[in-house]
Structures are given as C-alpha cells and as structure tokens.
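Asker: Dumping the structure here so I can ask a few things about it.
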Amino acid sequence: MTDAGLDLTLVIDIGKSNARMFLLDEAGTVVERHNRPNASVTSALDYPALDVHGLQNWMQSSLRESRQARRCARAICVTHGAAFVALGDGGLAWEPLDYEFADVSVRSANDADFQAARIDFRNTLSPELPVGLNAARQLHWMQSAHPTHWSRTHTLLPYPQYWAWLLSGVACSEVSSLGCHTHLWNPAAADFSTLALQKGWAKLFAPMRRAWEVLGTLGPERGKKWGLPAACQVHVGAHDSNACLVRYLDARAHTEARQEALTVVSSGTWTVLMAPGAPVDTLVAEKDMLGNVDITGRVTATARFMGGREFAAIAQGAAPHTANLDELRKLVDKRIFALPSFAQQGGPFVNRTGALQQGGRHLSAQEHGQLDEATRATLASVYCAQLCAWLVLYLWAGAHALRAHIVVEGPLAQNPLFMQVLQALVPGSDCAASADTLEGTARGAWLLTRWGQPDPTHTVQAQPGIIENLDSYHAAWLAEVGLTQYGMPQA
163 MTDAGLDLTL
173 VIDIGKSNAR
183 MFLLDEAGTV
193 VERHNRPNAS
203 VTSALDYPAL
213 DVHGLQNWMQ
223 SSLRESRQAR
233 RCARAICVTH
243 GAAFVALGDG
253 GLAWEPLDYE
263 FADVSVRSAN
273 DADFQAARID
283 FRNTLSPELP
293 VGLNAARQLH
303 WMQSAHPTHW
313 SRTHTLLPYP
323 QYWAWLLSGV
333 ACSEVSSLGC
343 HTHLWNPAAA
353 DFSTLALQKG
363 WAKLFAPMRR
373 AWEVLGTLGP
383 ERGKKWGLPA
393 ACQVHVGAHD
403 SNACLVRYLD
413 ARAHTEARQE
423 ALTVVSSGTW
433 TVLMAPGAPV
443 DTLVAEKDML
453 GNVDITGRVT
463 ATARFMGGRE
473 FAAIAQGAAP
483 HTANLDELRK
493 LVDKRIFALP
503 SFAQQGGPFV
513 NRTGALQQGG
523 RHLSAQEHGQ
533 LDEATRATLA
543 SVYCAQLCAW
553 LVLYLWAGAH
563 ALRAHIVVEG
573 PLAQNPLFMQ
583 VLQALVPGSD
593 CAASADTLEG
603 TARGAWLLTR
613 WGQPDPTHTV
623 QAQPGIIENL
633 DSYHAAWLAE
643 VGLTQYGMPQ
653 A
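Residue numbers (my numbering): 163 to 653.
Set out below in structure tokens:
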C-alpha cells in the first residue's frame, strides 16, 4: 500500500484500569477497537510495576492480526499520569513503578533530605498526595532503595512518551505529563521544579516536545513488529485528562467573551474537573486541588476524586442505568446519604472513611448490601453529582462569571440521573453530556494528530426532573461533611 493509501489513525489510550486501542478514519469514526484490563505486575525487584511488557505484547499481537492496522498513517498514545519510565542500555533500566505502591510515600516521609527539599504548593501547584501519586516520590524511592538499578538510568520519559519512543525510536518529554501533580514541574517558570533540579533528575529527562508534534516514522523493522506501515508517523502524545481537555482549549477566550465559567468533567477511574480560566490562587492542596498544566503549558485549575472507584464501592455491582428519580426522591425523603470517602488514593476527603448514613446513624456493611440495586446505583450517582457540584462552585467562587457551563465526558455522561442532579445543584447552569461516541481522552488524542483543525463538538443538554427538597438534602449533606455552600458568583 502506498503512503497515499494510509488513511487511519491509531490511538492508544492506557488508563489505570483499562487499556484501549482505536483505529479511526479521517472523519474520526472508529473502524476498529481493542480493549484489555490493565493491572500492575510484580517486578523482578518485588515491587508493583506497570505491566509494560504485557501491554506491548497485547498491542503488537492485536495490530499484527488486524488488516486495518496496515492503513495507519499516524499513531499517538495517551496514558494516566504519575508514571515515568527509565531507559538504560538497550531498554528499561528498571520496571516503572505503579503509583499505588505505598512504600514510596513511607520512605520519602522518613527521609530528612527529601523532606527538606520539598517545595511549597504555590511553587508546583501540586498537592501532597497519597502513595506514589506525586511521581517525585517514585524516583526518590528507586534512587534510594535500589541505587544500583538507578545508576543504570540514562534517560527518563513520561509514560506516554515511552510508548512514542517504542514506536519511533525518538526519546522526548512532554509538559502535560510532567505537570500532572508530580512535584517535578514549576508551572509559573515553565521549567523543572527546584526538587527535580536539586536531585539531579531534571537533566535525565529527554528533550521537551509538544504533544502534537511528529517524532518520526516507525520504519521497516518496528513496523513489522507492530503490524503497522513503515511510513506511519508517530506523535508525541499526552497525559489522558489533558487530552480530554484538548477540544476545549479555547475556553479562556469563551470565559472572557461570554463571562461563561466552563468546567470539563472527565470521568473514569478518576473524575477530574478542569476549569480553564478559573483562578488558581484559591486552590486548596489538602482538597486534592491542583494546577494541571495543559498541552500548551498553561495552568488549568483542577480538582479530582476517584469517582469510578467510589461509584463502584457505593453501588456494589448495581448497574448505573438503574439509577432513577423515584429512588432519588426516596433517598431525599429518608435522608439517606453517602458520606465520603470511599477511596483513599485522593480527593477532597482522602483522610475520611466513607459510610452510608440514615437519620444520623451509619448503616452497617450488611445493611448497605441489602439495599435494592436501584437504590445503590442512585446513591452512587447522587454522591458523585454532589461532589462534582461542590467542586465546580468552589473552583469558580473567586471569578466573575455569569453562568456555569459544565461538559461531562466519560461514563458519567451516560448516567442521566447524575446529569440531572448535577444541573440541579449548580443553579442556572448549562450542564451537558458529551454525545461523542468516542471517549474524550481518545478523541483528544485523535485531535492532537490534527492540531489546529476544527472539531465539531456535540453535546446533549441534561433534562432536569422535578426533585423536591433536593436543596435541603444537599445542604444537610454539606453540613455532615463540613463543607461551605458556594453559589456561582455574579459579575
């Protein structure tokens, strides 16, 4: 097939729980997709590591078996954050750590030199997070726990750029992964943090490139291994949540021109709220708020919680589509709440243990499990909507915006009750679900391979139902968790 016949784009989307590959045509339609669960593996050094070998084998075998892969003109990868890969002679210097490895935070907390080198939140806009979610802790752990293996490190790569290197042979770094709560990046200076410089890590990172840039082509040898054309161009790639934000990067102009407060809610394992143009000086590190660095290097006020895992913990297997308004009215009447937090890896309430409560009494695990499926699904949906609503209002509390415009991407966009409650809890808001059949992260990655070209964004407006006493229910929930009620500011 000639180069002119290459008309597809390969998007690799590696999330914390699932990995996906999409082949898209020039119109952005998916012509083929592959899915695989993603979990850590035990490394040769007996720590939990990212399953890079398993993922690579799956990708290569799937693409070699695909007839469509031979049509790929472009390839790009987006991945979860807090992940870095070290290259040595001929490949990996050591297996990349899973950010949920608890020992990395224990070691850094007990190391006086590391603690002394820590820098203020205002310097990195990156809060102190549990386990290895601050990737600097991972590097410190490897450097101190396994100095021999660390000494083999020639080059450090953000996780998306590791896959770009495998495909192209060109090593590079990219700002959205470096600026993703790592403690390695100073957004104001657009440079490595004091910590990264003091520890000698900064000089190990490959040269910076833009997410949309082309690194090169696969070439014949790599093309044969991957089942892709030798002429397939490889793009730099980006952090997944920031890829989701790509189609909304003109939001700052919208905010100024329309006095519109745009918040993009990217849902999955993590629910990430990104508010382009919102103030960053009111972010609270202890509430898992941060300044995310977008692919252009600009800072975006961001808040997060582990919404996918919290939903699952509350729903206990209940299908999201069973959530409904009738069940919500029962929850409101009976004052049954889900109180945070149901995941300890991050979010505004990371140090609090989640529980269901009715009439001021915590329900037992047995009582929780005995609730009807629809009740559990409804409670999980409402809980996520309540957290999102409070975070949206907080992020914009210091701005002068007339109207909240919220766009939801991912699984929560397919949950009508979540959408209805979110719109009801943000008065005067315009709350819409992405109608794109492709996940926001993958769509953003596809758009990066066409940087500068227009994207028709399709959304579906939430249809609010009548939910009597929801305001008082939410106010009682806020009081239980010790939060202040915010409203959209008026210009």
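Every residue, glycine too, gets a C-beta built ideally from N, C-alpha and C.
If distances are taken between C-alpha atoms only, which option among His636, Pro578, Trp613 comes closest to glutamine 625?
Answerer: When each option's Cα is compared against that of glutamine 625, the closest is Pro578.
Asker: Looking only at its own chain, which residues have a Cβ that is under 6 angstroms from the Cβ of isoleucine 111, when we skip the five neighbours before and after it?
Answerer: Since the first residue of the chain shown is 163 and the last is 653, residue 111 is not available in this structure.
Asker: Where does histidine 613 land, buried or exposed, given buried means 16+ other C-beta within 10 angstroms?
Answerer: Correcting the residue type first, residue 613 is tryptophan in the shown sequence and not histidine. Under this definition tryptophan 613 is an exposed residue.
Asker: Is the separation between the beta-carbon of leucine 346 and that of alanine 333 shorter than 8 angstroms?
Answerer: For leucine 346 and alanine 333, no; Cβs fall outside 8 angstroms.
Asker: Looking at C-alpha atoms only, which residue of Leu225, Thr540, Lys492 is the closest neighbour of threonine 484?
Answerer: The option with the nearest alpha carbon to threonine 484 is Thr540.
Asker: For the alpha helix (DSSP H) containing isoleucine 174, name the first residue and the last one.
Answerer: Taken as a continuous stretch (DSSP letters only), isoleucine 174 belongs to no alpha helix (DSSP H), being part of the beta strand (DSSP E) at 170–176.
Asker: Would DSSP call alanine 333 helix, strand or coil?
Answerer: Note: alanine 333 maps to coil in three-state DSSP.
Asker: Answer yes if the segment 488–508 comes into contact with the segment 464–475, meaning at least three C-beta pairs across the two stretches below 8 angstroms, and no otherwise.
Answerer: Touching, yes, given that three or more Cβ pairs across the two stretches are closer than 8 angstroms.
Asker: Roughly how many angstroms lie between the CA atoms of alanine 474 and alanine 480, to the nearest whole one?
Answerer: Alanine 474 and alanine 480: Cα-Cα distance of roughly 8 angstroms.
Asker: Does the beta carbon of arginine 471 come closer than 8 angstroms to any beta carbon on chain D?
Answerer: As a matter of chain content, chain D is missing from the structure shown, which is built from one protein chain.
Asker: Helix or strand or just coil, what does DSSP make of serine 355?
Answerer: Looking at serine 355 - three-state DSSP - the assignment turns out to be coil, as it is neither helix nor strand.
Asker: Is the beta carbon of serine 591 closer than 8 angstroms to that of alanine 566?
Answerer: Yes.
Asker: Under 7 angstroms Cβ to Cβ from glycine 602, same chain only, skipping five residues before and after it: list those, please.
Answerer: For glycine 602, where only same-chain residues beyond five positions count, the Cβ hits under 7 angstroms are Cys406, Ser428, Glu571, Gly572, Ser596.
Asker: Tell me whether arginine 523 is buried or exposed, calling it buried when 16 or more other Cβ atoms sit within 10 Å of its Cβ.
Answerer: Label assigned to arginine 523: exposed.
Asker: What does DSSP give as the partner residues of histidine 397 in its beta bridges?
Answerer: Paired residue(s): Val376.
Asker: Just to confirm, are glutamine 548 and leucine 587 a CB contact at a threshold of 8 angstroms?
Answerer: Yes, these two residues count as a Cβ contact at 8 angstroms.
Asker: Grab the span of the alpha helix (DSSP H) containing histidine 530 for me, first residue to last.
Answerer: Its alpha helix (DSSP H) spans residues 527–532.
Asker: Can you tell me which of Lys496, Ala440, Ala517 puts its alpha carbon nearest to the alpha carbon of glutamate 472?
Answerer: When each option's Cα is compared against that of glutamate 472, the closest is Ala517.
Asker: Which ranges does the alpha helix (DSSP H) cover as unbroken runs of at least 4 residues, wholly within the segment 530–596, from first to last along the chain?
Answerer: With a minimum length of 4 residues, the continuous alpha helix (DSSP H) runs that stay inside the segment 530–596 are 535–557, 578–587.
Asker: May I ask you to report which of helix, strand or coil DSSP gives valine 455?
Answerer: If DSSP states are grouped into helix, strand and coil, valine 455 belongs with the strands.
Asker: Could you tell me the alpha carbon to alpha carbon distance between proline 651 and threonine 425, rounded to whole angstroms?
Answerer: Low per-residue confidence applies at proline 651: pLDDT is 49, beneath 50, and the placement is therefore not dependable, though the value from the model is reported in the following sentence. So the alpha carbons of these two residues sit roughly 15 angstroms apart.
Asker: What residue does the alpha helix (DSSP H) around alanine 638 start on, and which one ends it?
Answerer: Residues 632–643.
Asker: Report the option in Leu328, Leu452, Glu188 whose CA atom is closest to the CA atom of glutamate 383.
Answerer: Closest option to glutamate 383, Cα to Cα, is Leu328.
Asker: Taking the beta strand (DSSP E) that phenylalanine 467 belongs to, which residues open and close that run?
Answerer: Note, phenylalanine 467: beta strand (DSSP E), 461–467.
Asker: Can you name, in chain order, every residue of its own chain whose Cβ lies under 7 angstroms from the Cβ of glutamine 647, other than the five neighbours on each side?
Answerer: Closer than 7 angstroms at the Cβ level, and outside the excluded window around glutamine 647, lie Ala637, Leu640.
Asker: Around the C-beta of glutamate 257, are 16 or more other C-beta atoms found within 10 angstroms, so that it is buried, or is it exposed?
Answerer: Its Cβ being crowded by 16 or more others within 10 Å, glutamate 257 is buried.
Asker: Pull the bridge partners of cysteine 234 from the DSSP assignment, please.
Answerer: In the DSSP output, where bridge partners are listed per residue, cysteine 234 has Leu170.
Asker: On the three-pair Cβ rule with 8 angstroms, is the segment 279–296 touching the segment 246–254?
Answerer: They do not touch, by the three-pair rule.
Asker: Within 10 angstroms of its Cβ, does aspartate 443 collect 16 or more other Cβ (buried), or is it exposed?
Answerer: Exposed, by the Cβ-count rule.
Asker: In three-state terms, what does DSSP make of glycine 253?
Answerer: Strand at glycine 253.
Asker: From methionine 221 to leucine 295, what distance separates their C-alpha atoms?
Answerer: So the two alpha carbons sit approximately 26 angstroms from each other.
Asker: If you draw a straight line from the C-alpha of proline 510 to the C-alpha of histidine 343, how long is it?
Answerer: Roughly 15 angstroms separates the two Cα atoms.
Asker: What span of residues does the alpha helix (DSSP H) with proline 309 cover, start to end?
Answerer: Per DSSP, proline 309 belongs to the alpha helix (DSSP H) from 309–312.
Asker: Helix or strand or just coil, what does DSSP make of asparagine 486?
Answerer: Residue state, collapsed to three classes: coil.
Asker: If distances are taken between C-alpha atoms only, which option among Gly644, Ile629, Thr611, Asp633 comes closest to valine 376?
Answerer: Ranking the options by Cα distance to valine 376, first place goes to Thr611.
Asker: Please report the residue range of the beta strand (DSSP E) in which alanine 500 lies.
Answerer: That run of the beta strand (DSSP E) goes 498–501.
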